[in-house]
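So the first sequence is numbered by this note's numbering: it starts at 187 and just counts up by one. Heads up, the beta-carbon is just placed ideally off N, CA and C, and yes, glycines get one too. A short write-up of the structure that comes next.
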Amino acid sequence: MDNATDVRVRFAPSPTGPLHIGGVRTALYNYLFARSLGGKMILRIEDTDSQRFVPGAEDYINESLAWLGIGIDEGVREGGPYAPYRQSERSAIYRKHVDELLAAGKAYIAFDTPEELAAAREATPNFQYDASTRLKMRNSLSMPAEEVEKLIADGVQHVVRFKVEPGETVVVNDLIRGEVKINSDILDDKVLFKSADNLPTYHLANIVDDHLMKISHVIRGEEWLPSAPLHVLLYRAFGWEDTMPKFAHLPLLLKPVGSGKLSKRDGDKLGFPVFPLEWHDPKSGEISSGYRERGYLPEAVVNFLALLGWNPGDDSELMDVDTLTSKFSLEHCSKAGAKFDYKKGLWFNHEYLMRTPDDKLAELFVPILKEKGVEADPEYTAKALGMVKQRAELLPDLWEQADFFFKAPETYAEKDVRKRWNKDTPAIMEELIGVLEGIDDMSSANAEKIVLDWIAGKGYHLGNVMNAFRLAVVGACRGPHMFDITELMPREEVVRRIRRAIEVIPVPAEK
RNA sequence: GGCCGAUUAGUGUAGCGGUUAGCACGCCACUCUCUCACAGUGGAGACUCGGGUUCGAGUCCCGGAUCGGCUACCA
Numbered sequence: 187m188d189n190a191t192d193v194r195v196r197f198a199p200s201p202t203g204p205l206h207i208g209g210v211r212t213a214l215y216n217y218l219f220a221r222s223l224g225g226k227m228i229l230r231i232e233d234t235d236s237q238r239f240v241p242g243a244e245d246y247i248n249e250s251l252a253w254l255g256i257g258i259d260e261g262v263r264e265g266g267p268y269a270p271y272r273q274s275e276r277s278a279i280y281r282k283h284v285d286e287l288l289a290a291g292k293a294y295i296a297f298d299t300p301e302e303l304a305a306a307r308e309a310t311p312n313f314q315y316d317a318s319t320r321l322k323m324r325n326s327l328s329m330p331a332e333e334v335e336k337l338i339a340d341g342v343q344h345v346v347r348f349k350v351e352p353g354e355t356v357v358v359n360d361l362i363r364g365e366v367k368i369n370s371d372i373l374d375d376k377v378l379f380k381s382a383d384n385l386p387t388y389h390l391a392n393i394v395d396d397h398l399m400k401i402s403h404v405i406r407g408e409e410w411l412p413s414a415p416l417h418v419l420l421y422r423a424f425g426w427e428d429t430m431p432k433f434a435h436l437p438l439l440l441k442p443v444g445s446g447k448l449s450k451r452d453g454d455k456l457g458f459p460v461f462p463l464e465w466h467d468p469k470s471g472e473i474s475s476g477y478r479e480r481g482y483l484p485e486a487v488v489n490f491l492a493l494l495g496w497n498p499g500d501d502s503e504l505m506d507v508d509t510l511t512s513k514f515s516l517e518h519c520s521k522a523g524a525k526f527d528y529k530k531g532l533w534f535n536h537e538y539l540m541r542t543p544d545d546k547l548a549e550l551f552v553p554i555l556k557e558k559g560v561e562a563d564p565e566y567t568a569k570a571l572g573m574v575k576q577r578a579e580l581l582p583d584l585w586e587q588a589d590f591f592f593k594a595p596e597t598y599a600e601k602d603v604r605k606r607w608n609k610d611t612p613a614i615m616e617e618l619i620g621v622l623e624g625i626d627d628m629s630s631a632n633a634e635k636i637v638l639d640w641i642a643g644k645g646y647h648l649g650n651v652m653n654a655f656r657l658a659v660v661g662a663c664r665g666p667h668m669f670d671i672t673e674l675m676p677r678e679e680v681v682r683r684i685r686r687a688i689e690v691i692p693v694p695a696e697k
């Protein structure tokens with residue numbers, strides 16, 4: 187069934203907390219890569235660290251990817267031919283493979299306790315558990331076979347370590363970085379199987395699963411580059427070098443200001459989310475904000491993230507997921523870490539908001555109206571939002587911009603009052619009410635013509651009259667064209683607001 | 001400390017030996033205008049530093065600096 191050349195990629199997060207935005211980007215690149223080549227996207231849960239497991243994190247991962255539209259072909263929820271896709275459920279598979287390595291003499295058993303290892307590191311600067319030191323440690327290479335057997339029979343805790351042969355140059359061919367060479371001397375005898383929870387470490391589980399699941403390309407963060415040579419050695423030890431996946435190590439996401447990798451604190455400090463969805467930490471009770479809850483559109487987040495470390499090869503910036511897919515290629519991924527430009531993220535969302543059809547916007551706006559305790563006709567809401575959407579970056583900004591469509595102003599912007607509400611204003615506004623009431627057709631163009639003619643005829647100051655009018659209806663000098671507002675808003679409401687403004691706004695003593 | 005990786009305006013990036021070093025965000029003007037936006041036009045702003053190679057280097061090589069990652073019975 188499966189062809190050797192089939193593209194199969196995986197996103198393999200650890201359920202140790204909310205999915206970080208950098209992880210989301212890795213998932214996205216895997217997804218775009220797979221889709222662009224007609225391949226499959228696998229979601230594998232790497233829960234081999236029982237100490238750090240966080241309940242709810244796996245659901246969070248699934249929900250985040252679903253919200254962003256990053257589709258999964260095979261995974262824990264989706265199932266698939268290589269199930270289970272949760273590593274904690276695959277321990278027998280790893281056990282079998284590690285035994286193979288043991289039998290072939292490519293791995294060995296070690297009894298050193300954490301304390302002993304700490305002591306060794308203390309005693310020797312740059313201590314490394316490798317060919318130069320392993321015979322001085324307590325393991326099946328340094329101890330008589332009977333003693334090893336006895337310790338195992340007695341149930342003494344032990345780990346399995348990979349036996350790295352020294353003096354060899356290991357070459358990793360990275361699709362983004364080219365050839366990366368290192369000497370095996372600097373590699374240590376990595377623990378493959380832990381004693382603490384009888385589960386494999388990342389390195390072993392990762393190689394076994396990628397092989398068994400027929401992964402063709404491993405696209406992951408740069409933090410894995412240093413261990414990639416070890417992984418090559420593991421493929422070799424298993425005799426899987428011929429079908430070894432190709433590697434691509436993505437640059438990291440960095441802090442917007444200062445240096446270092448992007449952290450949750452940066453988001454808190456500068457006011458942007460670092461997680462796709464809001465996260466309620468089950469232990470601390472702490473709540474971390476998410477893109478979704480903040481009012482970002484998933485399409486905008488995807489577009490923004492795609493361009494952080496990749497470019498389409500031309501000047502396009504606003505691209506939907508199909509366009510991103512068709513243009514995606516690993517060759518256009520950059521090598522250097524990208525500072526997280528959250529302001530550009532805001533711009534993307536603004537662009538997507540402007541392009542969202544008004545009725546869809548009205549739907550997205552329902553929760554906000556509800557929160558504000560306002561009931562409104564969907565069609566009215568759609569028209570109102572359509573008028574202000576070019577002024578909003580995030581969904582909640584729509585309320586800031588369109589609130590007056592749903593409730594009369596209670597206060598009037600002081601600065602605008604000072605500038606636009608003169609001693610003649612109440613009388614002119616009174617006159618305006620009469621003019622408005624005399625209009626048969628309140629359509630924007632018609633009402634504008636009539637009112638403007640009246641202003642010109644009377645020789646009034648256009649800016650002052652219009653802004654006073656705006657102040658009365660909106661509560662400040664902001665918003666769409668006045669006659670677009672009065673076309674949508676019932677005339678009685680407009681009149682009521684002008685009357686209230688005349689009543690409430692104090693007339694300045696002079697001028 | 002060791003190993004690996006990276007380095008074009010404030011930010012994201014294009015460039016792949018010969019360009020007035022392109023685009024976008026942000027910033028500043030101007031235009032439009034009843035306000036705020038949108039839109040349009042214009043502006044300021046960059047090749048980390050040395051050495052090489054070459055007729056010619058942002059582009060290739062070497063070194064320094066800086067930044068990042070890894071260096072766990074975490075992933």
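One thing to note: Ile393 has its Cβ no nearer than 8 Å to the Cβ of Val195. Rounded to the nearest whole angstrom, the C-alpha separation of Pro386 and Val357 is 25 Å. Counting along the chain, Asn369 sits inside the beta strand (DSSP E) bounded by residues 364-369. Note that the stretch 241-257 does not touch the stretch 517-534; fewer than 3 beta-carbon pairs, one per stretch, sit closer than 8 Å. Only residues of its own chain outside the window of five on either side were considered, and among them Leu287, Lys292 have a CB closer than 7 Å to the CB of Ala423, listed in chain order. Judged by beta-carbon spacing, Leu411 lies beyond the 8 Å limit of Lys525, meaning their Cβ atoms are not closer than that value. Where Tyr388 is concerned, the enclosing alpha helix (DSSP H) starts and stops at 388-398.
When rounded, the separation of the alpha-carbon atoms in Glu409 and Gln576 is 40 Å.
Contact between Ile691 and Ile619 is absent: CB atoms are separated by about 15 Å, not below the 8 Å threshold. Using a Cβ distance threshold of 8 Å, Trp640 and Val660 do not count as a contacting pair. Straight-line spacing of the CA atoms in Glu517 and Ile362 works out to 6 Å. The C-alpha of Leu494 is placed about 9 Å away from the C-alpha of Cys519.
Under the three-state reduction of DSSP, Leu229 is assigned to strand. Lys376 sits in coil when the DSSP states are folded into three classes, being neither helix nor strand.
For Phe433, the enclosing beta strand (DSSP E) begins and ends at 432-436.
Assignment of Arg324 by DSSP, reduced to helix, strand and coil, places it in the coil class. The beta strand (DSSP E) runs of length 3 or more contained entirely in the stretch 576-603 do not exist; there are none. Distances from the CA of Lys432 to each of Leu491, Ser449, Asp454, Glu365 were compared; the closest alpha carbon is that of Glu365. Under the three-state reduction of DSSP, Lys605 is assigned to helix. Here the alpha carbon of Ala588 sits roughly 14 Å from the alpha carbon of Pro564.
Residue state for His536 is assigned as helix, using DSSP reduced to three classes. For Gly649, the uninterrupted alpha helix (DSSP H) run begins and ends at 648-660, by DSSP. Apart from the 5 residues on each side of it in sequence, Gly209 sits with its Cβ closer than 7 Å to the Cβ of Pro199 in its chain, given in chain order. For Arg347, the beta-bridge partners assigned by DSSP are Tyr294, Val377.
Between Val350 and His403, the alpha-carbon positions lie close to 24 Å from each other. Between Ala486 and Tyr598, the CB-CB gap reaches or exceeds 8 Å. Taking C-beta atoms as the reference points, Asn653 and Asp602 count as a pair closer than 8 Å. Taken through DSSP and simplified to helix, strand or coil, Ala269 comes out as coil.
In this chain, the beta strand (DSSP E) harbouring Gly407 covers 403-407.
With a contact defined as Cβ atoms closer than 8 Å, Ala633 and Ile625 qualify at about 6 Å.
Of the residues Ile554, Val240, Gly559, the one whose Cα lies closest to the Cα of Asp583 is Ile554.
If you look at Arg480, you'll find it in the alpha helix (DSSP H) that goes 477-480. The shortest C-alpha to C-alpha distance from His647 to any of Lys605, Ser449, Asn216 is the one to Lys605.
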